[in-house]
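Below you'll find the structure, written out as structure tokens, and then a few comments.
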Amino acid sequence: MEPQVIEGDGVRLRPYRDTDVADITAGCDDPLTQRFLPALPSPYTEATARWWVDEAAPAVWANGGMAYAVADPDSDRLLGAVGIDRLVPMRRQAEIGYWTAPWARGRGVATAAVRALTGHAFATGLVRLELFTHGENAASQRVALAAGYRHEGVRRAAGPQRGGGRCDSIAWVRLADDPPGPTPRLLPDLPPGGLTDGVVALRPTGPDDVDLMYRLHTRPEVVANRVPPEPPTRPEVERRCRMAASNWLVGTVADLVVVDVASGEAGGGLALRYDEPLISQAMLGASMLPEWRGRGLLTRGVRLMVDWAFDTAGVARLWAGCRPENVAPQRVLEKVGFRREGVQRGRLPGPDGTRIDSVLYALLPTDRSDPPGRP
Numbered sequence: 001m002e003p004q005v006i007e008g009d010g011v012r013l014r015p016y017r018d019t020d021v022a023d024i025t026a027g028c029d030d031p032l033t034q035r036f037l038p039a040l041p042s043p044y045t046e047a048t049a050r051w052w053v054d055e056a057a058p059a060v061w062a063n064g065g066m067a068y069a070v071a072d073p074d075s076d077r078l079l080g081a082v083g084i085d086r087l088v089p090m091r092r093q094a095e096i097g098y099w100t101a102p103w104a105r106g107r108g109v110a111t112a113a114v115r116a117l118t119g120h121a122f123a124t125g126l127v128r129l130e131l132f133t134h135g136e137n138a139a140s141q142r143v144a145l146a147a148g149y150r151h152e153g154v155r156r157a158a159g160p161q162r163g164g165g166r167c168d169s170i171a172w173v174r175l176a177d178d179p180p181g182p183t184p185r186l187l188p189d190l191p192p193g194g195l196t197d198g199v200v201a202l203r204p205t206g207p208d209d210v211d212l213m214y215r216l217h218t219r220p221e222v223v224a225n226r227v228p229p230e231p232p233t234r235p236e237v238e239r240r241c242r243m244a245a246s247n248w249l250v251g252t253v254a255d256l257v258v259v260d261v262a263s264g265e266a267g268g269g270l271a272l273r274y275d276e277p278l279i280s281q282a283m284l285g286a287s288m289l290p291e292w293r294g295r296g297l298l299t300r301g302v303r304l305m306v307d308w309a310f311d312t313a314g315v316a317r318l319w320a321g322c323r324p325e326n327v328a329p330q331r332v333l334e335k336v337g338f339r340r341e342g343v344q345r346g347r348l349p350g351p352d353g354t355r356i357d358s359v360l361y362a363l364l365p366t367d368r369s370d371p372p373g374r375p
């Protein structure tokens with residue numbers, strides 16, 4: 001296959017040139033590129049870049065793939081790379097990959113390049129393209145969604161990690177007959193600055209929240225509602241915090257931290273898990289450190305999340321479950337407008353093979369309680 005120049009939205013896909021060597025070296029030796037593309041040599045030298053331009057990229061083309069430099073259409077400076085390989089001719093399927101240079105990030109370069117090459121690939125006979133992202137690379141996952149790729153699952157331990165070990169890869173797929181445009185998301189982003197009522201604020205959970213989340217989720221009353229009812233390990237909590245952005249993007253769960261606006265300190269957590277997307281139903285989970293309780297902060301946080309879920313995320317029904325003896329969270333739910341619907345007998349596994357009842361609460365948009373002076 002002979003390379004053709006492809007014009008995209010603010011980018012040009014063209015063959016590599018000798019003048020790209022310095023920029024390829026700088027882009028591939030960048031710490032972020034190295035982190036998420038562990039197959040790259042480290043350090044990445046000009047000799048490796050020249051080998052790529054002179055030998056490796058032409059070999060990709062010779063084997064039926066595509067290896068493009070992504071360039072600025074005005075200056076012709078290299079902004080990154082995009083390519084297609086791992087072809088399965090009998091399935092008319094291949095894999096697309098890309099990287100963006102540090103000086104070009106945040107400008108939509110990768111999205112434009114992936115869209116352009118995807119369209120070209122389908123026009124030349126392919127019908128299915130796979131794209132794989134590192135679980136912690138939220139920026140790359142946003143590119144996949146913006147380019148119309150759909151989340152298809154997780155390939156466990158599919159990729160190497162720099163320094164040894166394996167990591168999961170998130171699979172995204174686009175078909176030739178998929179609708180045009182970005183892939184709709186179940187869980188949209190919060191507005192800039194998060195959600196706030198002036199007293200509490202909600203922001204997404206991230207890697208810096210491990211200490212808080214570990215304290216919250218090892219509390220006995222929180223552990224009692226886990227399945228199974230065992231405290232998480234610190235590495236498990238670390239992974240949850242690192243993967244929070246990814247889980248939000250794929251529509252599994254929105255993990256948030258409750259912040260006291262006056263002090264700026266965080267003391268609680270909320271989670272909205274989209275457990276039944278087909279019927280627009282989601283589950284609410286909430287927890288607060290003991291020293292934060294009794295101040296109405298969790299009630300305010302739940303109200304903020306409820307309003308966002310109904311008014312922005314398109315949720316039609318929210319539900320939550322509590323152990324019968326756990327009265328405090330039931331009061332919070334009732335203040336917000338949740339209605340008790342009954343008891344699910346033996347719903348949760350308990351210690352030593354026992355089963356625990358769960359009190360079921362549910363909320364519809366018209367049930368919301370909004371007393372003067374919230375809460």
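Residues 1 to 375 in UniProt numbering are what the sequence shown spells out, letter by letter.
Each residue gets a CB set at the ideal place from its N, CA and C atoms; glycine is no exception.
Residue i vs residue j beta-carbon contact at 9 Å
{"i": "T205", "j": "G269", "result": "yes"}
{"i": "C28", "j": "A47", "result": "no"}
{"i": "T100", "j": "G119", "result": "no"}
{"i": "L321", "j": "L363", "result": "It should be noted that the sequence gives Gly, not Leu, for residue 321. The answer is no: Cβ separation not under 9 Å."}
{"i": "D85", "j": "V109", "result": "no"}
{"i": "L216", "j": "M288", "result": "yes"}
{"i": "V53", "j": "A113", "result": "no"}
{"i": "A138", "j": "A245", "result": "yes"}
{"i": "P73", "j": "R12", "result": "yes"}
{"i": "L360", "j": "R331", "result": "no"}
{"i": "M66", "j": "A121", "result": "yes"}
Straight-line gap, residue i to residue j (C-alpha atoms, nearest Å)
{"i": "T218", "j": "P232", "result": "7 Å"}
{"i": "T45", "j": "D23", "result": "11 Å"}
{"i": "P102", "j": "P38", "result": "17 Å"}
{"i": "R374", "j": "T111", "result": "With a pLDDT of 46 at R374, under the threshold of 50, the modelled position of that residue is not reliable, and the figure given next carries that caveat. Each residue's alpha carbon lies about 42 Å from the other."}
{"i": "T133", "j": "G342", "result": "42 Å"}
{"i": "residue 451", "j": "A266", "result": "The structure shown has nothing for residue 451, since the chain only spans 1 to 375."}
{"i": "A144", "j": "R150", "result": "8 Å"}
{"i": "G264", "j": "V237", "result": "22 Å"}
{"i": "P372", "j": "F338", "result": "Any reading at P372 must be qualified, since the residue scores a pLDDT of 43, below 50, and its modelled position is unreliable; no value is offered."}
{"i": "A158", "j": "A62", "result": "26 Å"}
{"i": "Q161", "j": "Q344", "result": "44 Å"}
{"i": "R323", "j": "L40", "result": "51 Å"}
{"i": "C241", "j": "Q4", "result": "43 Å"}
{"i": "G163", "j": "V21", "result": "26 Å"}
{"i": "R115", "j": "S140", "result": "13 Å"}
{"i": "G97", "j": "W319", "result": "40 Å"}
{"i": "V306", "j": "D260", "result": "18 Å"}
{"i": "P31", "j": "D168", "result": "20 Å"}
{"i": "Q281", "j": "E55", "result": "53 Å"}
{"i": "M283", "j": "V250", "result": "16 Å"}
{"i": "R355", "j": "P207", "result": "34 Å"}
{"i": "N326", "j": "G153", "result": "36 Å"}
{"i": "D357", "j": "A26", "result": "59 Å"}
{"i": "V222", "j": "E95", "result": "42 Å"}
{"i": "R234", "j": "W248", "result": "21 Å"}
{"i": "F36", "j": "R239", "result": "16 Å"}
{"i": "W292", "j": "V336", "result": "18 Å"}
Residue nearest to residue i in terms of C-alpha spacing, selected from the options
{"i": "P192", "options": "L202, A138 and R185", "result": "L202"}
{"i": "R295", "options": "P351, G321 and V200", "result": "V200"}
{"i": "T19", "options": "P73, L13 and L78", "result": "L78"}
{"i": "R142", "options": "G106, A121, A262 and D74", "result": "G106"}
{"i": "I6", "options": "N137, T33 and T124", "result": "T124"}
{"i": "R303", "options": "W51, S369, M283 and A282", "result": "S369"}
{"i": "G194", "options": "W308, A67 and R14", "result": "W308"}
{"i": "N225", "options": "S42, R91, R92 and G346", "result": "G346"}
Is the stretch 122 to 140 close to the stretch 170 to 177, with three or more CB pairs under 8 Å?
With a cut-off of 8 Å, the stretch 170 to 177 and the stretch 122 to 140 count as touching, because enough Cβ pairs lie within range.
Quick one: which unbroken beta strand (DSSP E) runs of 3-plus residues sit fully inside the stretch 291 to 364? Chain order, please.
317 to 322, 339 to 349 and 355 to 363
Contiguous beta strand (DSSP E) assignments of at least 3 residues, all confined to the stretch 88 to 158:
93 to 100 and 128 to 134
Pairing CB atoms from the stretch 246 to 261 with CB atoms from the stretch 270 to 280, are three or more of them under 8 Å?
yes
Contiguous alpha helix (DSSP H) assignments of at least 4 residues, all confined to the stretch 188 to 249
210 to 217 and 220 to 223
Runs of 4 residues minimum, wholly inside the stretch 14 to 49: which ones carry the alpha helix (DSSP H) assignment?
Annotation note: the stretch 14 to 49 contains the following uninterrupted alpha helix (DSSP H) runs of length 4 or greater, listed N- to C-terminal: 21 to 28 and 31 to 36.
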